[in-house]
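S.K.: Can you keep this structure in mind? I'll have questions shortly.
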Amino acid sequence: LSTGINRAREAAELEQQRRQEQKRRRQDAQQRQQLQHLESFYEKPPPGLIKEDETKPEDCIPDVPGNEHAREFLAHAPTKGLWMPLGKEVKVMQCWRCKWYGHRTGDKECPFFIKGNQKLEQFRVAHEDPMYDIIRENKRHEKDVRIQQTLLHVLINSFDYFG
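First residue of the sequence shown? That's 1 in full-length UniProt numbering, and the numbers climb one at a time after it.
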């Protein structure tokens, strides 16, 4: 009988030792995880220290011949505060006529401001002016009316002459 009690007591002690060992392992694992977190936190640089690939204002304009002036100006223009450094307006836009950046159609900076491709200019006017088609149609109608009036006048005069 005493051997059965001893065995039961030993089994209970072994179970208790096993539980304590598991508890100690869990605590060790938690401590290890906290240390790893602290190590990784302190090993990494602060979030603002490493600057990621910043976009530069001049990158929105293609690096092709003719755009050097606009790219150079934007490269040295301030990015915070005043948007008109030294009174010069910063324009990040593309001209429809010359396809350069830094101005738009009709600005004095455009090389085609006074001169230009006349066919391209006529096409642009025709497609940008909403009244262009109406005015062209009215001119065509007036011309047709004048032709009909002239024909009628000629017919009446010829009828009177032979009549």
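The beta carbon of each residue, even a glycine, is placed where N, CA and C say it ideally should be.
Roughly how many angstroms lie between the CA atoms of R24 and L38, to the nearest whole one?
M.R.: For this step, residue 24 is matched to residue 24 along the sequence shown. For this step, residue 38 is matched to residue 38 along the sequence shown. The straight-line gap from Cα to Cα measures roughly 21 Å.
S.K.: Less than 8 Å between the CB atoms is what I'm expecting for F112 and R136, so what's the real figure, rounded?
M.R.: What you label residue 112 is simply residue 112 of the sequence shown in a count that begins at 1. What you label residue 136 is simply residue 136 of the sequence shown in a count that begins at 1. So it is not a contact: roughly 24 Å between Cβ atoms.
S.K.: Along the alpha helix (DSSP H) that carries K108, what are the first and last residues, could you check?
M.R.: For the purposes of this step, residue 108 is taken as residue 108 along the sequence shown, with counting starting at 1. Run containing K108: none; DSSP gives neither H nor E here.
S.K.: Does the distance from the CB of A77 to the CB of K56 come in under 8 Å?
M.R.: Numbered from 1 along the sequence shown, position 77 holds the residue referred to as residue 77. Numbered from 1 along the sequence shown, position 56 holds the residue referred to as residue 56. In this structure, K56 does not lie closer than 8 Å to A77 by Cβ.
S.K.: Taking the beta carbon of I61 as the centre, do at least 16 other beta carbons fall within 10 Å, making it buried, or is it exposed?
M.R.: For the purposes of this step, residue 61 is identified with residue 61 of the sequence shown, where counting begins at 1. Label assigned to I61: buried.
S.K.: Could you give the first and the last residue of the continuous alpha helix (DSSP H) run that contains E72?
M.R.: Against the sequence shown, residue 72 aligns to sequence position 72. It spans E68 to H76 - the alpha helix (DSSP H) in which E72 sits, taken as one unbroken run.
S.K.: Whose C-alpha, out of Y42, E43 and W100, is nearest the C-alpha of E68?
M.R.: Your numbering for residue 68 matches position 68 in the sequence shown. Nearest of Y42, E43 and W100 to E68, Cα basis: W100.
S.K.: Suppose you measure from the CA of I134 to the CA of R124; what does that come to, to the nearest Å?
M.R.: Along the sequence shown, one-based indexing puts residue 134 at 134. Along the sequence shown, one-based indexing puts residue 124 at 124. Their Cα atoms are separated by approximately 16 Å.
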